[in-house]
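Chains as they are written, first to last, in our numbering: chain Y, 1 to 104; chain W, 1001 to 1221; chain P, 2001 to 2188; chain C, 3001 to 3512; chain D, 4001 to 4399.
For each residue, glycine too, the CB sits at the ideal point set by N, CA and C.
Keep in mind the model is a prediction, meaning the values are calculated, not measured.
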Amino acid sequence: MFIVGLTHYLILAAVLFCCGVFVMMTKRNAIGILMGVELVLNSVNVNFVAFDRYRPGGGFDGQIAALFVIVLAAAEAAVAVAICMNVYKNLNTIDVDRGDALHG
Amino acid sequence: MKTLMRYDKTILAGLLLAAMACCSASAVAQDYPDPKERPERVVEGEAVPQDAYRSEVTPVVESVLFYIFGGALLLSAVGLCICRDVVRMATCLFFTLGSAAVLYLLLGAFFLGAIQLIVYAGGTLILLVFGVMLTNKSPWVRFDCKPAEMIAAAGVAIVLFFGLATMLTTTEWAQSTGEARSTTVAQFGKALLTTYLVPFEVASVMLLVVMIAAAYMARQE
Amino acid sequence: MAPEEVCDILKERFGAAVLDAKLDARRPYVVVDVARWHDIALFLRDDERLQFNMLECLSALDLLEDNKLAAVYDMFSVPVVIASASTVVGGSGCKSTPLLRHHMAVRVEVDRDKPRIPTVSDVWPAADWHEREAFDMMGIVFDNHPDMTRILCPDDWEGYPLRKDYEFPLEYHGIPATTEHTLTNPKH
Amino acid sequence: MTQMSVPWRPRGKVRYTGLSGLIAGFARAIYGMAAPVVRAFPGSILLGAIFTVILVGWAHFLLFEFADNHLIGADSNISAVRGFLGAELTLAEIENGLAVAGAPAPGVLQYAFYPIQFRIVRDLLSAGGILGFISVIPLYTIWWERKVAGRIQSRTGPMRVGGWHGWSQSMADGIKLINKEDFVPDHADGVLFRLAPYVAFVPAILAFFALPFGTYWVFRELDVALVFILAMLGIEVLGVILAGWASNNKWSVYGAMREACQMVSYEIPMGMALLIPVMAVGTLSMTEIGNVQGDGWTSWIVFRNPFTFAAAVVYYVAALASCKRAPFDLPESESELVSGFHTEYSGFRWSLFFFGEYAAMFVVSGLCVILFLGAWHSPLPMSLADRFLGDDLLSRAAKGLFFSGPLWFVLKCVWLLYVQIWIRWTLPRIRIDQVLYACIQYMLPLMMVILLGHTLYELLVPVHGIVWTFFNIALSVIGGAVMLFLVSIACYGYLNRVKLVGWLGVETLPGS
Amino acid sequence: MATTVIETRPDVLIDFDKESQGDVRTEEMLINMGPQHPATHGVLRVVLRTDGELILESVPHIGYLHRCAEKIGENLQPYQFIPYTDRMDYLAGMNNNQAYAIAIEQLVGIEVPERALYIRMIFAELNRIASHLVAFGTYGLDMGAFTPFLYSFREREMILDLFESACGARLTYSYINVGGVHDDLPDKFLDVLLEYLDYFEPKVAEYNQLLSYNHIFVKRTANVGVISAADAVGWALTGPVLRGSGVNWDLRKSTPYEIYDRFEFDVPVGLPGGSEGVPQSVVVGDCWCRYMVRVLEMLQSCRIIRQAIKQMPDGPHLAGKLKNLKLPDDEIYVEIENPRGQLGFYVRGDGSTIPARVKARGPSFCNISILNHVGSGCLLADIPAIVGSIDIVMGEVDR
């Protein structure tokens, strides 16, 4: 049990994932929610890299996938911050519950 | 907590020393042969021999480092859940990302670890903090949700975790027992320009689109 | 232009509003009616012959023996030559002038019990702070001034320090303001 | 007569908590012991210290190179890793290795070399060396900056503490700073306020762990060293932003905002400029990039072609911005933002910011030296050394001294530090919008053109062809001339330092 | 659903209702620049209403150094008040002394000896150089260039040495007094002065090279804080600030007092960009023009001093007694050209030895009053540039 293996990393990533989900559910600040998304993406990355390391056979597909996730996350953050600013410009707050103009 | 706060410097210095010690012992270590024997320039099509970069990390060291940085990762992730102040949340996120980067290094993904540090910790996080500064009315305005919501969310998260954990522990993964494979940047670059050329190009086009989109959305009215 | 000519122009235009003229003094001045003062100020600034475009100084006087307060306005006519077309012109309403280079003083006297003078800060922007200083130090209230508050003393200061009958406070917010010298020389 | 009552009182005892108390105690004890000696023999102590540092440095160097080459490389079987601390050799094996290497008395030396074989021992030794270096570099850069600033401004700078030209002024300042009160402003975010200096300081140190000072002089030979160091420089910014945010001071927030703005704008041209040597050599490993520049100063990457030359200039400008040095010292511009992000900091934490800043100055200079200016090689080509020098210890020392070695690296870095100081004390500060325009409107498109141009140049122009050689030689000559010119300016200023100070004899008071 | 908790703090100065401009709407912030701030040249307090780096409003608040010098003047004989005038514009004590001395002399009708007039003028011009050196140096400091400051102070120290040799003081001289100057010049003073001028004049070219034409400096100051000529006259700005706006008005030339009509000198004014010696981006009335007028005035002062040294007559240096002058029942208003602008003294006598009213018109007081008019709409970093180019001395603003 002490010597780490794949399961350790997977459990760690699972906790990280749940934390991310919790943050997304509880935070009202749009940027806070963005941080939750980043947590989830990171847990996915940890999984990718861990599988890549412990997978039988050569190659490094997992790392490549993680690399793309990082790139996409960065792009997503840029767009999300821009959206936050637009929301702030229009509503004068970034409380996501206030952005309910499309609410039925 | 107040007692803890009073000894912050001691604690932080301890953390600092621990981090340095860990780094010094950590996986980043490679012996390298005499530079004259190394290829002066990585020519395309020529793979660097795998044993040129031999990690010295033994399973014991790897485990110790995993527990340290995995613990730091979890602590900061939980801190992210607890903190109410956005900048503190960003600080927690910074430690989460940093610990994740060290885990990548442990797993032999050096390039990924470095990229994680430079893109996430150095770029995305600054962007987030910047967004916080631009959109905060004042540091003293906070958004809270009701305790009931908090409990419900925690319940959902815990149930989710147990489901995932059960699934993870019961599944038989096809595992290799082999040593960590270090990946060189050259291998990475070659793979990106051959096998993964299409996703690479798609990603670059997407980045361009994102850049234009972000600039458009935050433009001057 | 000599002070006599300025005085004549003023008398011709405003007649009785020019109450007095001390033209033989070391610094000649005219005394004008406080009610017409704003019009006179506008005239002084805008008239082609006068063009007093710069209000140099506003000195508030306490004429205790006459039970009056006075404000003395020292004016210059400064030749404004616009050096370049790219200069931003406008703002204060002053015109560019030929080389006049004369100066003149106008005195406005008001009753010590009701010291109110119309402001000329809309005529010469420079009057803004000078009038606030006169209010702060001498207690002359300038009507229609945009911000008639104390400028040098704190906002909660009591009394007007430059009046002849001013008594120096012995303390301010618990800070003693007396020394041996001031106790023995109460005139300070 | 009334008594003046003072409504405020100075605060009583200065509090020391945690590490600062500990360090203050140590510092006092050491200073108490050392002060009489220092006062008695200031000059000789300084000279002795300098000689000792040089000797220890050379010994260090020889030791490591020897251990790597002969003990571990030659005699032991690398792949046989016994235990997690690293390779183990027996004393007999070491003696054998020493004998092979031609050591005069292997039987005696073997005990000295025994611990060196362990990776962890060598790591600790070099980590200690790096930490010592990092603590000395800011101290002496600050002292030197003050001396240079003094000379530039026709005054003398610090002259008192320590005797010879105030050489221990920075240490005295450090002791003073440690002794200052531990202070967190009211309503500040205490945790972040305390954390921020470390976030700014630690990355600057970590960057040193991947920065090679010589072929063997690197703590961790990283395949991705360049990216790692850039990441560390980027993380440092976060500390600054946190400090500004947590201080509960509007000026500090301004400083933090400016730092964020500035970072977003300079980081891109800087990263692109660093890509140029990477493209030229084809690796991210700094050691390799350094080692291809060993063939004299014409082989330095900066003189390789016009594009690398331009990239070096762009990099240096962006590096100034990344160190928050004038004319880009906007986050802490004292005539606008009081002190910017560290307005509320004092004492130990403030000194951490400064240690971080000066360490970062050294790191960016080191990057510039390694990537553009021939790394640890002297302007003389190594082939010359191979022709005239053998492989015995003395020849190696001479090689290190004249041709290639950490001494040259430090020397070049110090020169670039000097240029930074020179710029700081000469130029006024740029405005924030001008920084953004300069970085995004000029440097970014310029770097794009350079990147494209360099790619095409590398692709189309044959190496060592006529065009290639022409540009290489021309740029080398120009660059060398510029360097000589700058050195001669500095020398002129130094040699004429008395004449530069105006003096006018005026009789004093009449009758006195 | 969610609640927004606003934790208010007593000193939060954010006005939530105000609408701000700009592309990204950030919150307006009120900031106190000063009274303790490195760039406000003393205890000026400017309340800035900002939107990010943009200044929406900059309201100067003064009075932190108020000592009611006028009240003191109404309790002291003129010769006793001279030391207090030093403390108004403490960078130009000689000029302040001179202004009050001229006012009293004109009120009482004292004929000042020729030699005293020349000595006064030399010292006034020297002090103008010294004061402009401080303005030049601190302006560099405001722009983030530290070195020019020490260069200028090196030269200023020599002027102070000269002053010290003549009157024993280095900052508050009380040298020029009613009816002349307090002491005659020490031996060889004029020789040393000439030596100094020979040393100083080439230095101005050095300053220009170091700061005036520095590209960054020009970028920071050109087209920043533009004051039009009409505005400058309307707000009664005087001195280099007025001349920087292109108005050729210098009391030494326009209405010469004392002996200024005997000397040849030019009045530098702000010129549009592209003129000789003016960078292309400069606009008349901007910070660079105000700054440059000072630099050029130093050279003109040197010119005046050289002529005065040549014409220096012999004779007494003081008209007569200083004490117990009877001030007639009359009033006088005298203005002279100080380094910072026109310093005016209004003095009213009532037949006794003590003036009934002393009013000082400080040039800095009038000059700084335009700050809000100029400062709105510029960037935060421009505020030190504007304040520095107006060159205030708080001792004179607050008196």
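query, result
"Buried or exposed (CB count within 10 angstroms, at least 16 for buried), D2008(P)", "exposed"
"Cα-Cα separation, F1066(W) to N3291(C)", "35 Å"
"Segment contact, 8 Å Cβ cut-off, at least three pairs: the stretch 3353 to 3368 of chain C with the stretch 3203 to 3218 of chain C", "yes"
"Where the alpha helix (DSSP H) through C1083(W) begins and ends", "C1083(W) -> no alpha helix (DSSP H), and no H or E assigned at all."
"Short CB-CB distance (under 9 Å) between E1201(W) and chain Y", "no"
"6 Å CB neighbourhood of I3276(C) in its chain, flanking five on each side removed", "T3308, A3311 and H3454"
"Run of the beta strand (DSSP E) containing R4045(D), from where it starts to where it stops", "R4045 to D4051"
"Close beta carbons around S4376(D), own chain, < 8 Å, minus the five adjacent residues each side", "I4055, L4056, E4057 and S4058"
"Closest by C-alpha distance to F3213(C), when choosing among G3239(C), L3274(C), L3371(C) and G3190(C)", "L3371(C)"
"Contact set for L4076(D): own chain, Cβ-Cβ below 8 Å, skip 5 residues either direction", "Y4084 and I4354"
"Own chain, CB closer than 6 Å to L4190(D), minus 5 neighbours either side, in chain order", "I4309"
"Where the stretch 1092 to 1122 of chain W meets chain Y: residues whose CB sits under 8 Å from a CB there", "L1093, T1096, L1097, A1100, L1103, Y1104, L1107, G1108, A1109, F1111, L1112, I1115, Q1116, V1119 and Y1120"
"Any 3 or more C-beta pairs closer than 8 Å across the stretch 4191 to 4200 of chain D and the stretch 4209 to 4220 of chain D", "no"
"Segment contact flag, the stretch 3342 to 3353 of chain C with the stretch 3282 to 3296 of chain C, C-beta cutoff 8 Å, min 3 pairs", "no"
"Residues from the stretch 2033 to 2067 of chain P in contact with chain D, defined by Cβ distance under 8 Å", "N2053, M2054, L2055, E2056, C2057, S2059, A2060, L2061 and D2062"
"Members of the stretch 4286 to 4303 of chain D that neighbour chain P once the beta carbon cut-off is set at 8 Å", "none"
"CA-to-CA distance, T3343(C) to I4122(D), given in whole angstroms", "44 Å"
"From L3230(C), Y3254(C) and I3229(C), residue whose alpha carbon lies closest to that of I3513(C)", "It is not possible to answer for residue 3513(C), since the shown part of chain C is limited to 3001 through 3512."
"Proximity winner among D61(Y), R28(Y) and A30(Y), relative to L1197(W) (alpha-carbon distances)", "D61(Y)"
"Residues that A4145(D) contacts on chain C, provided the C-beta gap is smaller than 7 Å", "L3427 and P3428"
"Proximal residues to L1125(W) (C-beta, below 8 Å), its chain only, five neighbours per side dropped", "A1090, L1093, F1094 and L1097"
"First and last residue of the uninterrupted beta strand (DSSP E) at E1172(W)", "From DSSP, E1172(W) is part of no beta strand (DSSP E); its letter is neither H nor E."
"Integer Cβ distance of C2153(P) from G4063(D), believed to fall under 8 Å", "6 Å"
"Closest by C-alpha distance to G1108(W), when choosing among M35(Y), R55(Y), T26(Y) and L12(Y)", "R55(Y)"
"Coil, strand or helix - V3313(C) by DSSP", "helix"
"Per DSSP, the bridge partner or partners of Y4333(D)", "Y4346(D)"
"Extent of the continuous alpha helix (DSSP H) to which Y4196(D) belongs", "F4189 to Y4207"
"P4060(D) beta carbon less than 9 Å from that of I4368(D)", "yes"
"Test: G4140(D) CB closer than 9 Å to a CB of chain C", "yes"
"Nearest-angstrom beta carbon gap, G4234(D) and N2053(P) [assumed within contact, 8 Å]", "7 Å"
"According to DSSP, residues forming a beta bridge with R4361(D)", "G4344(D)"
"Secondary structure of P1147(W), DSSP reduced to three states", "helix"
"Partner residues on chain D for C2153(P), Cβ-Cβ distance less than 9 Å", "G4063, H4066 and C4068"
"D4089(D) beta carbon less than 9 Å from that of G4395(D)", "yes"
"Top-ranked residue by Cα proximity to R3146(C), from L3124(C), M3033(C), Q3420(C) and I3478(C)", "Q3420(C)"
"Proximal residues of chain W, C-beta to C-beta of I83(Y) below 8 Å", "M1217"
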